[in-house]
Amino acid sequence: MWVNKQDAGTDEMKGIANAIREGAMAFLRAEYAKLIIFVVAVAALLAWFNAGQADSHALIALSFVVGAVCSGLAGLFGMRVATAANVRTANAARTGLSSALKVAFSGGAVMGMSVVGL
Numbered sequence: 008m009w010v011n012k013q014d015a016g017t018d019e020m021k022g023i024a025n026a027i028r029e030g031a032m033a034f035l036r037a038e039y040a041k042l043i044i045f046v047v048a049v050a051a052l053l054a055w056f057n058a059g060q061a062d063s064h065a066l067i068a069l070s071f072v073v074g075a076v077c078s079g080l081a082g083l084f085g086m087r088v089a090t091a092a093n094v095r096t097a098n099a100a101r102t103g104l105s106s107a108l109k110v111a112f113s114g115g116a117v118m119g120m121s122v123v124g125l
């Protein structure tokens, strides 16, 4: 990916970026652990209430789970690229606004494309 090919800056910048990345991934792990409980509970309710309906189907619950998984993947991809792009954007800003904007925009576009693609 183009963003990862950009210079990440000094060793100090890389150290700070690594700490940010570790914190962001720890946050996602904690959030997704709670989210799994919610998704399973809602999927069970959807399956239960839609199973006996003539105008509905129990697979609505499966659709909900697939959507939640795709949303989670988009969030994971976005967070990974955002944490990689932030230090590269800061380093690019040391040379000029144009290069920093290009790195930041490219990093942010991944989240939008992940949502659309999934």
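Going by my numbering, the first residue of the sequence shown is number 8, and it counts up by one from there.
The C-beta atom is built at its ideal place from N, Cα and C for all residues, glycine as well.
Which same chain residues end up closer than 7 angstroms to residue i when comparing Cβ atoms and leaving out the 5 residues on each side of it in sequence?
i, result
"Asn98", "Asp14, Ala15, Gly16, Met20"
"Leu53", "Ile67, Ala68, Phe71"
"Ala107", "Thr96, Ala99, Ala100"
"Gly18", "Checking the sequence, you will find Asp at residue 18 rather than Gly. Excluding positions up to five away in sequence, the list is empty."
"Ala33", "none"
Report, in whole angstroms, the separation of the C-beta atoms of residue i and residue j, which I expect to be a contact under 8 angstroms.
i, j, result
"Ala130", "Val94", "This structure gives no information on residue 130, because the portion of the chain shown stretches from 8 to 125."
"Ala92", "Leu125", "The Cβ separation is near 19 angstroms, so there is no contact."
"Val10", "Val110", "6 angstroms"
"Gly85", "Val117", "6 angstroms"
Can you tell me where the alpha helix (DSSP H) holding residue i begins and where it ends?
i, result
"Ser105", "104–124"
"Arg95", "66–100"
"Met8", "Per DSSP, Met8 belongs to no alpha helix (DSSP H) and is neither H nor E."
"Ala15", "Run containing Ala15: none; DSSP gives neither H nor E here."
Given a cut-off of 8 angstroms on the beta-carbon distance, is the pair residue i and residue j in contact?
i, j, result
"Ala89", "Gly59", "no"
"Val46", "Ala65", "no"
"Leu83", "Leu35", "yes"
"Gly103", "Tyr39", "no"
Taking 6 angstroms as the limit between beta carbons, can you name the residues of its chain near residue i, skipping five residues before and five after?
i, result
"Arg28", "Thr90"
"Ser1", "Since the first and last residues shown for the chain are 8 and 125, residue 1 lies out of range."
"Ser63", "Asn57"
"Met120", "none"
Using a Cβ-Cβ cut-off of 8 angstroms (strictly less than) and excluding sequence neighbours within five positions of residue i, which residues of its own chain qualify?
i, result
"Val73", "none"
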